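Following: one structure in structure tokens, then a few remarks.
Residue numbers (the UniProt record's numbering): 1 to 636.
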């Protein structure tokens with residue numbers, strides 16, 4: 001590990017020199033001389049006197065270098081039957097024209113623009129057009145409820161909203177314009193204009209302040225790239241917070257470009273001209289970083305996929321895409337493969353495709369449970385890599401670095417900290433935890449380039465949420481530990497710890513045991529209130545489609561497995577078999593919400609939920625089994 005260790009040591013001990021060298025890898029209008037400064041609260045600001053433009057670095061730069069004919073974007077939409085290929089020159093030209101259209105609507109450097117789009121190439125065009133003008137985009141997941149869209153509009157105060165006429169799902173078309181209209185009616189802030197991309201599947205009726213995308217572009221003068229400071233904001237991306245107010249993570253331009261370029265080479269092992277596929281959505285940070293920006297900053301091709309891992313049309317959807325576009329590195333969430341494993345446990349769909357181009361599979365968004373890891377490892381002849389990061393960091397904190405020094409993988413581990421991230425595990429007293437001792441995972445300041453620079457218009461919230469708990473450290477909110485070889489294990493959010501009669505148990509450990517049963521496709525463990533012991537663990541499991549056994553017997557077997565592996569002291573005595581679990585659209589199981597239902601508390605349906613009926617299903621199952629206080633829970 002000497003190569004990794006040397007690079008990591010340099011990044012921690014000499015961060016300015018380390019990142020100054022990597023900043024030379026992207027094109028600057030004015031190269032930075034001041035590499036690192038600190039704001040009045042002691043938080044890092046990178047490349048403060050440098051000037052650049054993210055759109056120029058990702059598009060114009062490659063065209064100017066003679067690679068304009070190379071494919072930049074592959075679009076594949078099984079839900080519509082559409083496919084498109086866009087070269088770097090075509091992307092540059094479309095972005096310049098749409099940026100000119102936005103400029104014609106009065107959008108200038110520093111203005112905000114809300115983007116409410118499905119997974120179509122125009123979503124990338126809209127984001128890059130904002131970057132080209134120095135405007136700040138805020139992408140809201142297409143299909144979000146009107147109220148959630150309204151509160152984001154109120155917080156960002158955009159000059160323009162960009163949207164499509166509809167989104168297309170496996171079994172339905174979702175009209176976007178009524179959602180936007182309702183959001184604007186309820187919002188205290190009103191943008192000056194709305195631009196609508198009309199899709200063939202459904203046209204929207206336009207109002208007085210609405211503009212047709214194609215008509216607007218037809219009369220526009222292409223816009224040039226506007227120089228911005230490295231520290232100027234590129235985008236605002238809203239993430240969940242502990243209050244009702246949305247938490248707008250702010251990302252800068254310069255640090256973001258440097259970090260993402262570095263990550264594509266060092267973590268993902270990607271070279272210019274190769275194909276990278278991230279099965280996410282532009283509404284999430286994975287979409288921002290590894291569909292829209294990182295692949296093109298590195299000169300790669302990106303795959304934009306409008307579909308699901310299953311049912312579009314089958315459980316071989318991902319394998320088809322890898323074969324069709326000769327994908328080298330593929331990145332998705334573990335929940336996607338759990339869905340595939342549920343429908344195709346023996347990997348029969350995989351056998352139909354040639355995926356020899358694939359060199360590594362990356363998973364993130366939630367912990368990669370060991371059963372899913374082993375299932376993938378048994379099926380694929382490439383490294384299966386769990387890597388860990390957050391909306392706030394914008395790129396991986398820990399990974400198995402395929403472009404620097406690939407290491408042996410370990411089930412349940414995100415391998416090692418990425419250069420630049422001073423990761424430590426602290427116990428409850430704020431001291432370094434021992435080897436194999438679980439604690440709070442933190443990152444020593446300075447945070448590397450590419451991480452959030454603040455919360456939009458709320459600097460105190462930024463400090464209170466992330467920096468106040470352990471001065472000098474960023475609080476990730478995740479718990480975990482280092483083993484004796486320096487491998488980092490992330491066990492889940494720190495509130496996913498069950499306290500049973502004073503003994504603390506990780507839900508991740510129990511989920512590992514449940515997931516190892518051959519009949520289990522997916523599972524979650526939550527702690528519910530108990531008057532005597534404080535909390536008791538409850539397992540919720542989804543059987544594989546092929547399971548035809550007795551559910552009562554399955555429950556008994558699972559209880560016995562946890563008792564054997566973890567011990568009777570965990571008091572694991574309840575398992576509930578369900579057909580689905582409530583998740584966010586990015587694949588995270590809503591464990592906190594499940595706890596509220598089990599404890600009889602009022603609960604609301606979050607805007608990020610993928611299938612609202614899954615909540616009703618689980619609530620009903622809990623109530624029928626007389627689980628906790630679920631009968632008293634009320635939806636609000």
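Glycine included, each C-beta is placed from N, C-alpha and C at the ideal position. Quick caveat, the model's predicted, so the values are computed rather than measured.
Got a sec? Which residues, its chain only, sit under 7 Å from residue i by beta carbon, not counting five neighbours each side?
{"i": "residue 446", "result": "15, 36 and 44"}
{"i": "residue 395", "result": "259, 260, 263, 289, 389 and 450"}
{"i": "residue 577", "result": "541, 543, 551, 554 and 555"}
{"i": "residue 384", "result": "361, 373, 376, 377 and 409"}
{"i": "residue 274", "result": "300 and 328"}
{"i": "residue 298", "result": "261, 264, 265, 270 and 272"}
{"i": "residue 601", "result": "633"}
{"i": "residue 157", "result": "112 and 189"}
{"i": "residue 546", "result": "345"}
Alpha carbon to alpha carbon, how far is residue i from residue j?
{"i": "residue 542", "j": "residue 366", "result": "18 Å"}
{"i": "residue 515", "j": "residue 369", "result": "8 Å"}
{"i": "residue 6", "j": "residue 18", "result": "11 Å"}
{"i": "residue 322", "j": "residue 380", "result": "13 Å"}
{"i": "residue 513", "j": "residue 344", "result": "21 Å"}
{"i": "residue 232", "j": "residue 339", "result": "40 Å"}
{"i": "residue 337", "j": "residue 313", "result": "15 Å"}
{"i": "residue 159", "j": "residue 398", "result": "38 Å"}
{"i": "residue 242", "j": "residue 87", "result": "Annotation note: pLDDT 47 at residue 242 (below 50); position unreliable, no value reported."}
{"i": "residue 117", "j": "residue 52", "result": "27 Å"}
{"i": "residue 206", "j": "residue 82", "result": "25 Å"}
{"i": "residue 120", "j": "residue 498", "result": "42 Å"}
{"i": "residue 196", "j": "residue 168", "result": "15 Å"}
{"i": "residue 472", "j": "residue 101", "result": "45 Å"}
{"i": "residue 474", "j": "residue 202", "result": "45 Å"}
{"i": "residue 310", "j": "residue 392", "result": "29 Å"}
{"i": "residue 510", "j": "residue 539", "result": "8 Å"}
Label residue i either buried or exposed according to how many other C-beta atoms from any shown protein chain fall within 10 Å of its C-beta, with 16 as the threshold for buried.
{"i": "residue 408", "result": "exposed"}
{"i": "residue 548", "result": "exposed"}
{"i": "residue 65", "result": "exposed"}
{"i": "residue 552", "result": "exposed"}
{"i": "residue 60", "result": "buried"}
{"i": "residue 32", "result": "buried"}
{"i": "residue 147", "result": "exposed"}
{"i": "residue 482", "result": "buried"}
{"i": "residue 532", "result": "exposed"}
{"i": "residue 415", "result": "buried"}
{"i": "residue 335", "result": "buried"}
{"i": "residue 170", "result": "exposed"}
{"i": "residue 506", "result": "buried"}
{"i": "residue 3", "result": "exposed"}
Classify residue i as helix, strand or coil using the three-state DSSP reduction.
{"i": "residue 184", "result": "helix"}
{"i": "residue 263", "result": "helix"}
{"i": "residue 44", "result": "strand"}
{"i": "residue 370", "result": "helix"}
{"i": "residue 567", "result": "coil"}
{"i": "residue 209", "result": "coil"}
{"i": "residue 515", "result": "helix"}
{"i": "residue 92", "result": "helix"}
{"i": "residue 578", "result": "coil"}
{"i": "residue 626", "result": "coil"}
{"i": "residue 592", "result": "helix"}
{"i": "residue 141", "result": "coil"}
{"i": "residue 487", "result": "coil"}
{"i": "residue 447", "result": "coil"}
{"i": "residue 151", "result": "helix"}
{"i": "residue 352", "result": "helix"}
{"i": "residue 117", "result": "coil"}
{"i": "residue 225", "result": "coil"}
For the putative contact between residue i and residue j, defined by C-beta atoms under 8 Å, what is the C-beta separation to the nearest angstrom?
{"i": "residue 544", "j": "residue 519", "result": "6 Å"}
{"i": "residue 282", "j": "residue 183", "result": "Not really, about 18 Å apart at Cβ, beyond 8 Å."}
{"i": "residue 604", "j": "residue 636", "result": "5 Å"}
{"i": "residue 98", "j": "residue 85", "result": "That belief does not hold up - the Cβ atoms of residue 98 and residue 85 are roughly 19 Å apart, past 8 Å."}
{"i": "residue 291", "j": "residue 402", "result": "Not quite, the Cβ-Cβ distance comes to about 19 Å (not below 8 Å), so this is no contact."}
{"i": "residue 413", "j": "residue 386", "result": "7 Å"}
{"i": "residue 353", "j": "residue 320", "result": "6 Å"}
{"i": "residue 476", "j": "residue 441", "result": "5 Å"}
{"i": "residue 109", "j": "residue 135", "result": "7 Å"}
Taking 8 Å as the limit between beta carbons, can you name the residues of its chain near residue i, skipping five residues before and five after?
{"i": "residue 346", "result": "none"}
{"i": "residue 585", "result": "141, 281, 283, 284, 608, 609 and 610"}
{"i": "residue 563", "result": "570 and 572"}
Just to confirm my understanding: we take residue i, look at its own chain, exclude 5 residues before and 5 after, and list those with CB closer than 6 Å. What are they?
{"i": "residue 626", "result": "none"}
{"i": "residue 149", "result": "140 and 183"}
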